[in-house]
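See structure below.
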Amino acid sequence: MTMLETRSLMKSFGGIRATDDLTLSVEPGELHAIIGPNGAGKTTLITQLCGSQKPDSGTILYKGQDITRVPAHKRARLGITRSFQITSLILDMTVIDNIALAVQARQGSSFRLVRNARTISAIRDRAMELLTRVGLSDKANMVTSALSHGEHRHMEIAIALAAEAELMLLDEPMAGLGAEETRAMIDLLNGIKGQHTIVLIEHDMDAVFALADRISVLVYGHIIATGSPAEIRANKDVEAAYLGEESGAA
Amino acid sequence: MSRRNIITLVVMALLAVLPPVFYLTGNAFYLDLATRLTILAIAAVSLNLILGYGGLISFGHAAYLGIGAYAVGIPAHHWLYGGLESLGLATTSGYVQIPLAIGVAALFALVTGAICLRTKGVYFIMITMAFAQMMYYAIVSIEEYGGDDGLVIDSRSELPFIDLDDPLQLFGLAYVSLVVAMLIVRMIVNSRFGMVLRGAKGNNERVVMLGFNTYLFRLTAYVIAGAMAGYAGALLGNFTTFISPEMMDWGRSGELMFMVILGGTATLVGPVIGATLFIVLEEVLSSLTVYWHLPFGLLLLAVVLFGKGGIMGMLRADKEDSE
Amino acid sequence: MDFALLVIQTLNGLQLGLLLFLVASGLTLVFGILDFVNLAHASLYLIGAFICATLTFALGNFLIAVVVALPLTGLIGWAVERFVARPLYERDHLDHVLATFGLILVFETLAHLIWGPEGIAVPLPEFLQGQIVLSETLIIPSYRFLIIGAGLAAAGGLFWMVNFTRLGMLIRAGASNRTMVSALGINIEMLFGLVFAIGATLAGLAGMLVAPITEANIGMGNSIIITAFVVIIVGGIGSMKGAFVAALLIGLIDTLGRSFLDDIFKIFMSPSAAENSAPAISAMLIYIIMAVVLALKPQGLFPPKVR
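Protein sequence lines correspond, in order, to chains P, D and V.
Just remember that the numbering used here sits 79 ahead of the position in the first sequence, which is counted from 1.
Just remember that the numbering used here sits 1261 ahead of the position in the second sequence, which is counted from 1.
Just remember that the numbering used here sits 32 ahead of the position in the third sequence, which is counted from 1.
This is the structure we're talking about:
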C-alpha cells in the first residue's frame, strides 16, 4: 500500500494557483524528496499534507484512508509529523521540555493536572535519549532561544522522532545552515532513513541527491517528473524547467 | 533553593505575620488593607494561570469577582427579605454560597470561554472585555438587587469553625485560600496539562502539530481560573459586605491585569507582589491627592514603555524555567 | 406597539449607530493599519467633547467651536501616536492594552483636573433648539437631524477618502503591506501619525455631537468604548464597511431592544415575567448578538481579506 497519495490537489490564493492538479505518491520506507524552484508551491503542499491548510479540491490519502478533511491535530495522532521551514520551537521553554512535550504527545493523554511532568521518568528518559541521538544532550536544560540555528534544526528532528511518526514531513531542514552543519544534518537524516517514511522538501541539491530514494519535481504547483536521482538528473524537462529558472535567476 | 523560591517564601511569610501584628498592636486598618490585597491576590493568581502561563489576555477577569460576590449577596438578600426559598437560595450558609460562587463563575467561564477561545489576538482581548461588561449591565438592570446602587450584605457567610465577622479570622481564611490557590496553580502549570498550556502560549501551531487540541486545554484552564476568581469574589463580598456592579467594571479588570504584569507574569509569587504594590500605591497616592489616577496612569505607562518582566523580572537571577 | 414611538426610537437608534461608527471607524482604522490596540481611543471622544464645551463658551457658538475643536483633537491624537503608540508597535498586544489603559487614567484625571467633576452642559444655537412636529405625537428635536446628517456626511467623507484618494490608497496599501508602502518611499511614520489623527478627529466629532444632549462628562468615554469594541468585533476588525454595518445594527438593536423588548416578551410570556426579564435581557442584547456572530463567524461579518 502507498504510504501517502495525493490526487488532483488544488489550492489557490486570490487567483494564483499555488497547487495545481498535484498528484503524488510516496511509498513506505522511502525518502521522497520534493524539489522545485522558488515559488513552486512546496510549502503550500506541506501545509496541506499536515492539515494546517485545506485544499480547494482533490484528495489526500494516508495508508489508503481519505484524510483530506481530517484536522491537523488528528493527523498528528495518525502518525504524520511535520518539521517547519522557519524553525518553530517553543523558544521560551527549555530544550528538554520541548522534546518532552513531543514525547508526552506520543504517550497518551496529557489531560493530567496533578503529577509534575518533569518527574515522570518515562517521558524525561525518552526525551533525553532523543536528545542524545541528535547530539544535544549537553544542552538539555538550556532555554531553547539560546541555541544556534543548526541546533534548532536538530531539535526539530528530535521532535519528529519523538512522535514515532510513520510519515515525517521535513520542510527544508538544511535552510540557513553552514556547510559543516549541513553535513551533520545529512549524517543525521542518513541515520534515520529507512526507519520512517520521509517526505523531504529541500533546496540544497547536494543534500537531496545524497539522501533521496526518489525525487519529485514541482513547478508552478504541478509535479512534472518523479523518479530516482539518476532519472531526474537525466530528465530534459526538469533541466529545462528547473535549471532554466536557476540560470535565469542568476 | 533558587532565588525565586526564597523570594516567594519571604513574601508569603511577611504577609502571614505582619497584618496580625498590626492588628494586635491596634492598627486594625492595616489588617483590612492586607485582607483586601490577599483576596485580590487570589484573583490575580488565577488570572496569571491563563494570562501568564497560558498567554490568554483576558480583560474581563473582574466579572468573576463580581459573580462570586453576588453569589454571596443574593442569597443573603433573599434570606432577609424572602424569595427563592424553593430553590434553597435564601440562605447565609457558606455551604451553599461558596459552591454557588465557584459553580456560577465556572459556568460563565465555560460558556463565554467556549466562544472567546475560538478567536485569537486582539479579538480575544476585546471579547473577554465585552462579556464582562455584559455581566455588569445585567446586574445594573436588576433593580431587586440594587442595580447601580449596589447591595448591602447584611450577614456574612456562615462557615463551620470560623467566624467571618472576626477580621482576624477572615484574614486567616483569605491567606490560607491564597496559599492553596498558589499551590493549585503551581501543580497545574508543572503537570503534563500545564506543559501543553505553556507550550501553546509559546507556539500554538507547533503544539497543535504535535497532536494536541489546544482549544480544550485552554478552555479548561480558563474555567479553572474563572472558578478560582469566583471564589475570591465570594471572599471579597464577605469582606466588604457591600457589593455593586462597579466591581465588575472593565477598569477593575485592567487593575487585575496590571497586578499580574507589575509583579511579573508566569511566576508563582509575582501576582502577590503585584497586588501588594498596587494596593500600597493606591493607598499612598489616594491619601495624597484625589487625582491619584494621574500619577498611577503615568506609572503604568512608564512600566510598559520602560520596564521589562515586572518586579520578578528585575529580581530574577536564575534563568531556569521552573518554580 | 406605538407607531410614533417606533419612528422616534428608530431615529434614536440610527443616531446612536452613527455616533458608534464615528468612534469605531477610528478604532478599526488604527488597528487595521497599525495593528495597534488603542483602549484610549474613547478618551479622545471625551476630550473632544470637553474642548468643544469650553470653546462654545469662549467663542459663543457651538458650530464654530466644533470647527475649531476638531483639529485640536486631531493634534492630541497625533501626539498619542508619537509618544505612546509608536514605541510600542513592535511589542505585543498586551503592552498596547496596558499602556493605553494607563493613558485612559491619565486623560480622565486630566479632564477631571481641568474641567472639574461636574458635567458641562453645552448650549445649542437658537436655530438648532427647535423641534420638527410631524404629527401630534411625533415631535423630533431638529438637532437629532443634524447629528444624523453630520454622521452620514462624516461616514461618506471617510469612504471617499479611503477609496478614492491617494491618501486612502496608501492607507489601504499600508493595511495589507507595511514594508511595501515604505519601499515606495512614503514616510510611513507620517502616514501612521495621520491615521491616528484622523481616528482621533472622528472620535472627537462624535463626542462633540453628543455633548449638547448628555453634557460633556467624565464617564462618557467609558460608556461608549466597549460598545464600539462590540461594533468592530461584529463588523470584523479592520473593515470599514463592517464597522458601518455593525454600528447601525448595534445602534438600532440596542435602542429598539430597550424600548420594545418587554412588549415583544409579553406576546409569549406573562406581563410580570416580561417586565422582570426584559431590562436584563435588553441590557445584554448586543453582547448576545456579538456572541452569536462570533460563534458563526469568528472573524466577524466582514473579515478583512489580508491579515
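A virtual CB, placed ideally from N, CA and C, is assigned to each residue, including glycine.
Can you tell me the Cβ-Cβ gap for residue i and residue j, rounded? I've got them flagged as a contact below 8 Å.
i	j	result
Thr98(P)	Pro134(P)	7 Å
Leu102(V)	Gly236(V)	6 Å
Ser91(P)	Arg1453(D)	Not quite, the Cβ-Cβ distance comes to about 40 Å (not below 8 Å), so this is no contact.
Leu1378(D)	Arg1479(D)	5 Å
Ala1362(D)	Ala1495(D)	4 Å
Phe261(V)	Met1387(D)	4 Å
Val174(P)	Ala241(P)	So it is not a contact: roughly 13 Å between Cβ atoms.
His282(P)	Glu251(P)	6 Å
Leu1523(D)	Val1565(D)	Rounded, the Cβ-Cβ distance is 10 Å, inconsistent with contact.
Gly267(V)	Ala278(V)	3 Å
For the ligand MG, is there a heavy atom less than 7 Å away from the beta-carbon of residue i?
i	result
Gly1531(D)	What this structure holds is no ligand at all, so the ligand MG is not there to describe.
With respect to the beta strand (DSSP E) encompassing residue i, which residues constitute its N-terminal and C-terminal limits?
i	result
Glu84(P)	Leu83 to Phe92
Gly80(V)	First-last for Gly80(V): His73 to Leu91, but that is the alpha helix (DSSP H), not the beta strand (DSSP E).
Val324(V)	Segment Pro303 to Leu328 is the alpha helix (DSSP H) holding Val324(V); no beta strand (DSSP E) there.
Ser167(V)	Run containing Ser167(V): none; DSSP gives neither H nor E here.
Ala153(V)	Per DSSP, Ala153(V) belongs to no beta strand (DSSP E) and is neither H nor E.
Could you work out which residues of chain P lie near residue i, taking near to mean beta carbons separated by less than 7 Å?
i	result
Gly1472(D)	His152, Ala155, Arg156 and Ala184
Check the Cβ of residue i against every Cβ in chain D and list those closer than 7 Å, keeping chain order.
i	result
Phe190(P)	Phe1454
Glu140(V)	His1554
Taking the alpha carbon of residue i as the point to measure from, which residue in the options has its own alpha carbon closest?
i	options	result
Leu1562(D)	Phe133(V), Met272(V) and Arg123(V)	Phe133(V)
Leu340(V)	Met316(V), Ala248(V), Leu184(V) and Glu247(V)	No statement about residue 340(V) is possible, as the shown extent of chain V runs from 33 to 339 and does not include it.
Thr141(V)	Gly1558(D), Asp1293(D) and Val1446(D)	Gly1558(D)
Leu1312(D)	Pro1281(D), Thr1389(D), Val1469(D) and Gly1349(D)	Thr1389(D)
Asn70(V)	Ile299(V), Ala232(V) and Gly268(V)	Ala232(V)
Tyr1406(D)	Leu1279(D), Ile1522(D), Ala1330(D) and Leu1549(D)	Ala1330(D)
Gly158(P)	Ile178(P), Leu215(P), Gly130(P) and Phe288(P)	Gly130(P)
Asp204(P)	Val182(P), Arg194(P) and Asp217(P)	Val182(P)
Thr42(V)	Lys273(V), Ile282(V), Ile220(V) and Val98(V)	Ile282(V)
Phe1392(D)	Ala1527(D), Phe1369(D), Ala1435(D) and Phe1290(D)	Phe1369(D)
Gly1455(D)	Thr85(P), Met89(P), Met80(P) and Asn177(P)	Asn177(P)
Met253(P)	Ala239(P), Ala286(P), Met221(P) and Ser227(P)	Ala286(P)
Glu150(V)	Leu87(V), Gly274(V), Thr246(V) and His128(V)	Thr246(V)
Ala1442(D)	Gln1430(D), Ile1376(D), Pro1532(D) and Phe1385(D)	Pro1532(D)
Trp1511(D)	Leu1542(D), Ser1307(D), Ala1337(D) and Ser1319(D)	Ser1319(D)
Tyr1397(D)	Phe1500(D), Leu1275(D) and Ala1323(D)	Ala1323(D)
Leu61(V)	Gly274(V), Pro330(V), Leu48(V) and Phe292(V)	Gly274(V)
Thr243(P)	Gly1472(D), Gly1287(D), Phe1500(D) and Leu1298(D)	Note on residue identity: the sequence assigns Glu, not Thr, to residue 243(P). Of the listed residues, the one whose Cα sits closest to Glu243(P) is Gly1472(D).
Leu37(V)	Lys298(V), Phe82(V), Leu54(V) and Leu288(V)	Leu288(V)
Pro116(P)	Gly300(P), Arg86(P) and Leu226(P)	Gly300(P)
Gln1430(D)	Thr1296(D), Gly1568(D) and Thr1269(D)	Thr1296(D)
Grab the span of the alpha helix (DSSP H) containing residue i for me, first residue to last.
i	result
Thr1373(D)	Gly1355 to Cys1377
Ser216(P)	Counting along the chain, Ser216(P) falls outside any alpha helix (DSSP H), and DSSP gives it neither H nor E.
Leu1559(D)	His1554 to Phe1567
Arg194(P)	That residue, Arg194(P), is in no alpha helix (DSSP H); it is neither H nor E in DSSP.
Leu43(V)	Phe35 to Leu66
Thr141(V)	His125 to Trp147
Leu240(P)	His228 to Ala241
Leu268(P)	Ala258 to Ile271
Ile269(V)	Careful: Ile269(V) lies outside any alpha helix (DSSP H) and carries neither H nor E.
Thr105(V)	Phe94 to Val112
Ser1347(D)	Neither: Ser1347(D) is in no alpha helix (DSSP H) and is coded neither H nor E.
Ile311(P)	Pro308 to Ala313
List, in order along the chain, the chain V residues whose C-beta lies closer than 9 Å to that of residue i?
i	result
Met1387(D)	Val69, Ile258, Phe261, Val262, Ile264, Ile265 and Ile269
Give me the chain V residues within the contact set of residue i, using Cβ-Cβ distance strictly less than 8 Å, ordered along the chain.
i	result
Arg1379(D)	Leu326, Ala327 and Pro330
Val1401(D)	Ala315
At 8 Å on the CB atoms, spell out the chain P contacts of residue i, in chain order.
i	result
Ile1376(D)	In chain order: nothing, as chain P lies at least about 19 Å away.
So which residues on chain V does residue i lean against when the C-beta distance must stay under 7 Å?
i	result
Val1383(D)	Phe63, Val69, His125 and Ile269
Which residues of chain D have a Cβ atom closer than 8 Å to the Cβ of residue i, listed in chain order?
i	result
Val334(P)	The shown model of chain P, from 80 to 329, leaves out residue 334(P), and the question about it has no answer.
Met322(V)	Ile1388 and Ala1391
Val227(V)	Residues of chain D passing the Cβ test: none, with the nearest at roughly 17 Å.
Whose Cβ in chain D lies nearer than 9 Å to the Cβ of residue i?
i	result
Gly49(V)	Neighbours of Gly49(V) on chain D: none; closest Cβ ~17 Å, over 9 Å.
request  = Pick out the complete alpha helix (DSSP H) segments inside the stretch 1482-1550 of chain D, 4 residues or longer, and give them in chain order.
outcome  = 1511-1524 and 1531-1549
query = Unbroken alpha helix (DSSP H) runs of length 4 or more, entirely within the stretch 1282-1342 of chain D: which are they?
reply = 1289-1309 and 1323-1342
inquiry  = For a minimum of 4 consecutive residues, which ranges assigned as the alpha helix (DSSP H) are wholly contained in the stretch 1420-1477 of chain D?
reply    = 1428-1451 and 1453-1470
ask   = Which runs of the beta strand (DSSP E) fall wholly inside the stretch 109-174 of chain P and span at least 3 residues, in chain order?
value = 110-114, 136-141 and 159-162
key: Whole alpha helix (DSSP H) elements within the stretch 169-255 of chain V, 4-residue minimum   = 174-196, 198-208, 210-215 and 220-246
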